[in-house]
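Residue numbers (this note's numbering): 20 to 405. Here a beta-carbon is modelled for each residue, glycine too, at the ideal position from N, C-alpha and C.
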Ligand SMILES: Cc1cc2nc3c(=O)[nH]c(=O)nc-3n(C[C@H](O)[C@H](O)[C@H](O)COP(=O)(O)OP(=O)(O)OC[C@H]3O[C@@H](n4cnc5c(N)ncnc54)[C@H](O)[C@@H]3O)c2cc1C
């Protein structure tokens, strides 16, 4: 079988998840998002069916598969109109980091819940003064007896209000300066000294973004994930899945938009033929479809490398996939809106909301410019300007 032919298991997963997503659909998703409510019913059902934890090791209640399968789940939910952003964070970043580097106690404590969706974990790295420059992270952990005291500020952290805990990236006091030596801490949401406030965003999503204040948050020794001296490697292990899953999230939405545009172009007639017969409508849609398919291929390559244990190879491919997905999706959604004319901007058709949703992928979790910097330096060997 060709490497480009998806296995029967993956095809079956794709179909089953798409069917689930379609039962809820874009109308459900957007109604919830506009009301500021989480898409809890979908999350819970997907969790019961085992879709949210396909990448979590089977011995901790997951599906024992990989990021490839989790990306399929997110892509298909997005294509069906009901993407679950927290899949990028809870099972993909936090589940991966805990499964790979957590203590046995942390694994038993968190992974079964992350796998069946009964527990969620957000992820916090971005800071007001250290966005793209994570070497500047100023959230510091200092020891107090056997405890840790964590202080700092974070911004744009998604989904804290519906999470049980946040995996925060800080640095230890003795590593407070110089190049980043991160340390990762699990902080339960109700820990004293941990406050969060929603940031008003121009996004129609079920997940809010928050700014966070950590004021001498007292944590037990076992809140530290893995080794405080190997934090960078642990962090990268989580960031590659994050990029792959952001690509899946974005490409799913792009497929949803293109699907709706094609359906509209087939039936809408304002001259003698459906508008889809005009090359001014058909060609851009064909072009966007090619770009989305190319980005999907790169995403699948990145996921495959990651699942094969090639963290370095996956790093380059995940960056390229995230970049390609963001660009392809922004163009696809824009063209879908154009195809629907005025209807493209109505709430009824729900396409305009996808402009902002796909636009996020040009900024987060790593910006378009920082991916270009990465490729310029690591792939092309060009000097660094910053
Ligand atoms: C919807 C949403 C959800 C998010 N969820 C999370 C989350 O759950 N957890 C989390 O930790 N973070 C989250 N983020 C934050 C996100 O990861 C950051 O916004 C992103 O990393 C960019 O950082 P910044 O916003 O500080 O931009 P900045 O770093 O201030 O960059 C601003 C601009 O300058 C450019 N720039 C900066 N440095 C360079 C350079 N050296 N060369 C060229 N250009 C440069 C950038 O590309 C960008 O265009 C989220 C953001 C959004 C919008």
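In the structure shown, residue 173 falls within a strand segment according to DSSP collapsed to helix, strand and coil. Here residue 363 is near residue 370, since their CB atoms are less than 7 Å apart. For ligand 1, no non-hydrogen atom lies closer than 6 Å to the CB of residue 109. Contact between the segment 59-78 and the segment 233-249 is absent, with fewer than three C-beta pairs closer than 8 Å. Boundaries of the alpha helix (DSSP H) around residue 126: 123-135. From the listed residues 276, 249, 124 and 229, the smallest Cα separation to residue 175 is found for 229. From the listed residues 70, 331 and 270, the smallest Cα separation to residue 253 is found for 331. DSSP places residue 255 inside the alpha helix (DSSP H), whose first and last residues are 250-286.
Buried is the label assigned to residue 139, since at least 16 other Cβ atoms lie within 10 Å of its Cβ. Contact between residue 244 and residue 125 is confirmed by a C-beta separation of about 6 Å, below the 8 Å threshold. Residue 309 sits away from residue 284, with the two beta carbons spaced by 7 Å or more. Taking a cut-off of 8 Å on C-beta distances, the segment 314-331 touches the segment 256-273, as three or more cross pairs fall below it. The C-beta distance from residue 189 to residue 108 rounds to 17 Å, too long to meet the 8 Å contact threshold.
Exposure of residue 42 is indicated by the presence of fewer than 16 other C-beta atoms within 10 angstroms of its C-beta. Counting only unbroken stretches of 4 or more residues, the alpha helix (DSSP H) elements lying wholly within the segment 72-121 are 86-98 and 115-120, in sequence order.
In terms of side-chain proximity, the C-beta atom of residue 405 is found nearer than 6 Å to a non-hydrogen atom of ligand 1. The three-state reading of DSSP puts residue 185 in strand, counting E and B together.
Counting only residues of its own chain and dropping the five nearest sequence neighbours on each side, residue 232 has a CB closer than 7 Å to the CB of 172 and 214. Taking 6 Å as the cut-off, one finds no heavy atom of ligand 1 near enough to the beta carbon of residue 116. The alpha-carbon of residue 110 is positioned some 30 Å away from that of residue 353.
A heavy atom of ligand 1 is found nearer than 6 Å to the CB of residue 388. For residue 37, the enclosing alpha helix (DSSP H) has its first and last residue at 27-53. Not one heavy atom of ligand 1 sits closer than 6 Å to the Cβ of residue 268. Secondary-structure assignment with DSSP links residue 167 through a beta bridge to 162 and 238. Separation of the CB atoms of residue 106 and residue 89 is rounded to 7 Å, and the pair is thereby assigned contact status at 8 Å.
Residue 116 places its beta carbon 7 Å or farther from that of residue 345.
Counting only unbroken stretches of 4 or more residues, the alpha helix (DSSP H) elements lying wholly within the segment 322-373 are 330-358, in sequence order.
Collapsing the DSSP output to three states places residue 201 in a strand. Cα atoms of residue 182 and residue 297: separation of roughly 48 Å, rounded to the nearest angstrom. At the C-beta level, residue 339 and residue 151 stay beyond 7 Å of one another. When C-alpha distances from residue 307 are compared across 356, 247, 327 and 263, the shortest belongs to 356.
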